[in-house]
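A.B. asks: Got a structure here, written out as structure tokens. Questions coming.
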Amino acid sequence: MDNDSFRPRILLVSVGMYGQKYLSEATGRDVGGDVIGIVDVADNLPEKFPVIAEKRIPVYRSLEEFFRRDHADLAVISSPIHLHVGMALQCLAQGVHVLCEKPLCLTEEETLRLEQAAREAGRFLAVGWQLNYDRAVLNLKRDILAGRFGAPKRMRCVHAMRRGENYYARSHWAGKILADGREVLDSPFMNACAHNFQLMTFLLGGRMETPLQLLSAEGELYRGNPHVENYDIAFLRFRAERGITLCYETAHPLETKNLGPDGVSEFEHAVLTWGRGQPYRVVTDAGEEILYGAAGATPLMQKLDDAVRCVREGTAPLCGARAGLGHLQAVRMAQQLPIRDVDPSRVAWIDAEGDRFPCVQGLEDALCRCGEHWALPGEMGIQL
Ligand SMILES: NC(=O)c1ccc[n+]([C@@H]2O[C@H](COP(=O)([O-])OP(=O)(O)OC[C@H]3O[C@@H](n4cnc5c(N)ncnc54)[C@H](O)[C@@H]3O)[C@@H](O)[C@H]2O)c1
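If you're matching positions, the sequence shown starts at 1352 in this note's numbering and goes up one per residue.
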């Protein structure tokens, strides 16, 4: 079969809050392949997603059940974090290429094991860090690596998103450190607001396919929502290879729906800025302005198109198992820091959009001020 007529058979593993985006994308337009099955333990999927009946997509309750009856070329895994490793290994062992949602796994050892499993299977293991598929980001990284702006010195970003009761109620692992006896380390830094931090480690990595290595962390973690097990507010500062500093501020219990991303990176001879709806913008010391396309110009689901194309072409997406290593190192270092409870008198609960949100007073201001000063709240005299 030539590449033009080969349409990869796509298996969607889990169609929960995020996995349903793959379902609507892959059934709503031509992505170059066809959804031939769904694996999920949820009961009501055909009622929830009429397209399942319309397109006669079989639903299986486990990968074992699917592999007993059928085969696929590409598995797209959007299951809870702690199931990724086992499911990815199972798919690779069956000779199926894998696009797994981020984070791929929770340890460096698992990352390397998965990378090796993919190599041995002769299949790719791509990870769904969507900003790593963004054409503007890729062009920017090429220029950074070519030394166009000089050596990177430090990089910071504030990115927070309001999340309330519905978000935490959707699944038993949300906001948990452990689920089903296994680590999940779920937090805004680990999960919903992970992308811009992972982007920072991607952009400053020493090669196109490798992220920046982190060495140590300082920070302050808080729990604003008393019903969350893990932290939901993080002020973090990391030391990385080549003397680079990274600062990141993120949170869920805030009044503002979306704060940032608001990113700045200082290089020897230039400054990079990026933000919501803004192009990645570099201004050099000589006054030259370089714009790298509007943020969002590449569709968020480009990763699916790229993965299908790679299956057809026999290539592999750039965003492989190691892409998340810098973020993973940071998550694990952050998790060692103590978590302090915010005084409940400082948390107001608001009702909006059929949901209920805890909002820590003054949090937006604290996140932005710490970001601007590359500082932690204690250093700024800020108390939460
Ligand atoms: N790239 C992004 O922007 C982005 C955004 C949100 C979430 N995610 C990632 O997507 C993944 C899923 O997150 P979510 O928020 O959709 O989770 P979720 O809890 O909302 O959905 C998980 C789905 O997995 C199913 N499931 C549970 N156990 C299963 C099993 N044993 N076998 C098959 N299916 C099973 C559940 O029924 C549910 O449909 C996570 O890795 C998360 O970090 C990525």
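A virtual CB, placed ideally from N, CA and C, is assigned to each residue, including glycine.
As the structure is a prediction and not an experimental result, all values here were calculated from the model.
With R1324 and D1424 assumed to form a contact (beta carbons below 8 Å), what rounded beta-carbon distance in angstroms separates them?
C.D. replies: With the chain covering 1352 to 1735 only, the question about residue 1324 has no answer from this structure.
A.B. asks: Which whole-angstrom value is the C-beta distance of M1512 and A1545, which I expect to be below 8 Å?
C.D. replies: Contact flag wrong, Cβ pair sits at about 11 Å.
A.B. asks: Could you tell me the alpha carbon to alpha carbon distance between L1476 and L1457, rounded to whole angstroms?
C.D. replies: When rounded, the distance between both Cα atoms is 16 Å.
A.B. asks: So what's D1531 in DSSP terms, helix, strand or just coil?
C.D. replies: It is coil, neither helix nor strand.
A.B. asks: Relative to the C-alpha of D1421, which candidate in T1462, Q1564, Y1411 has its C-alpha closest?
C.D. replies: Y1411
A.B. asks: Classify E1571 as buried or exposed, calling it buried when 16 or more other Cβ atoms lie within 10 Å of its own Cβ.
C.D. replies: buried
A.B. asks: Quick one: what's N1609 bridged to in DSSP?
C.D. replies: M1512
A.B. asks: Tell me whether G1532, by its Cβ, gets closer than 7 Å to a heavy atom of ligand 1.
C.D. replies: no
A.B. asks: Using only alpha-carbon positions, find the residue among M1551, L1550, F1500 that is nearest to D1636.
C.D. replies: Per the Cα distances, F1500.
A.B. asks: Under the criterion of a Cβ to heavy atom distance below 7 Å, does D1391 qualify as lining ligand 1?
C.D. replies: yes
A.B. asks: Please identify the residue among Q1564, V1390, K1654, G1367 whose C-alpha is closest to the C-alpha of I1595.
C.D. replies: Q1564
A.B. asks: Where do the ends of the alpha helix (DSSP H) carrying Y1599 lie?
C.D. replies: No alpha helix (DSSP H) holds Y1599; the beta strand (DSSP E) holding it covers 1596–1602.
A.B. asks: Have a look at F1418 and V1659 and give me their C-alpha separation to the nearest angstrom.
C.D. replies: 20 Å
A.B. asks: Using beta-carbon positions only, say whether G1379 and R1358 come within less than 8 Å of one another.
C.D. replies: no
A.B. asks: Taking the alpha-carbon positions, what's the A1472 to C1661 distance?
C.D. replies: When rounded, the distance between both Cα atoms is 16 Å.
A.B. asks: Thinking C-beta only, is A1426 closer than 8 Å to V1447?
C.D. replies: Closer than 8 Å, so yes.
A.B. asks: Have a look at V1402, N1395, L1363 and flag the residue whose alpha-carbon is nearest the alpha-carbon of I1387.
C.D. replies: L1363
A.B. asks: Which whole-angstrom value is the C-beta distance of P1689 and A1487, which I expect to be below 8 Å?
C.D. replies: P1689 to A1487, Cβ: 38 Å. No contact.
A.B. asks: Taking C-alpha atoms, which residue in R1697, I1701, R1707, G1722 lies nearest to Q1734?
C.D. replies: R1697
A.B. asks: Flag E1452 as yes when its Cβ comes closer than 7 Å to any non-hydrogen atom of ligand 1, and as no otherwise.
C.D. replies: yes
A.B. asks: Using the three-state DSSP reduction, which class does H1448 fall into: helix, strand or coil?
C.D. replies: strand
A.B. asks: Measuring CB to CB, does P1562 end up less than 8 Å from L1714?
C.D. replies: Contact: no.
A.B. asks: So, is Q1549 buried or exposed, given that buried needs 16 or more other C-beta atoms within 10 angstroms?
C.D. replies: buried
A.B. asks: What is the DSSP secondary structure of E1639, counted as helix, strand or coil?
C.D. replies: E1639 falls in the coil class under three-state DSSP.
A.B. asks: Please classify K1608 as buried or exposed, where buried requires at least 16 other C-beta atoms within 10 Å of its C-beta.
C.D. replies: Exposed, because fewer than 16 other Cβ atoms sit within 10 Å of the Cβ of K1608.
A.B. asks: Near E1606, what residues of its chain come up, given a Cβ to Cβ distance below 6 Å and the 5 sequence neighbours on each side ignored?
C.D. replies: C1710
A.B. asks: Under 8 Å between the Cβ atoms of L1566 and A1585?
C.D. replies: Cβ distance not < 8 Å, so L1566 and A1585 don't count as in contact.
A.B. asks: In this structure, how does DSSP classify M1506 when only helix, strand and coil are distinguished?
C.D. replies: strand
A.B. asks: Checking 8 Å against the spacing of the C-beta atoms, do R1574 and V1693 come in under that value?
C.D. replies: yes
A.B. asks: Could you tell me if V1392 is buried or exposed, where buried requires 16 or more neighbouring beta carbons within 10 angstroms of its beta carbon?
C.D. replies: exposed
A.B. asks: Among L1450, L1536, Q1445, R1521, whose alpha-carbon lies nearest the alpha-carbon of A1706?
C.D. replies: The sequence shown places Asp at residue 1706, not Ala. The option with the nearest alpha carbon to D1706 is R1521.
A.B. asks: Using only the heavy atoms of ligand 1, determine whether one of them is closer than 7 Å to the beta carbon of M1542.
C.D. replies: In the sequence on display, residue 1542 carries Asn and not Met. For ligand 1, at least one heavy atom lies less than 7 Å from the Cβ of N1542.
A.B. asks: Around the Cβ of M1559, are there at least 16 other Cβ atoms within 10 angstroms (buried) or fewer (exposed)?
C.D. replies: exposed
A.B. asks: Taking the alpha-carbon positions, what's the A1404 to T1624 distance?
C.D. replies: 46 Å
A.B. asks: For G1665, count neighbouring C-beta atoms within 10 Å of its own C-beta (all shown protein chains included) and say buried if the count is 16 or more, exposed if not.
C.D. replies: Exposed: under 16 other Cβ atoms inside 10 Å.
A.B. asks: Less than 8 Å between the beta carbons of R1736 and E1617, yes or no?
C.D. replies: No answer is possible for residue 1736: the residues shown for the chain start at 1352 and end at 1735.
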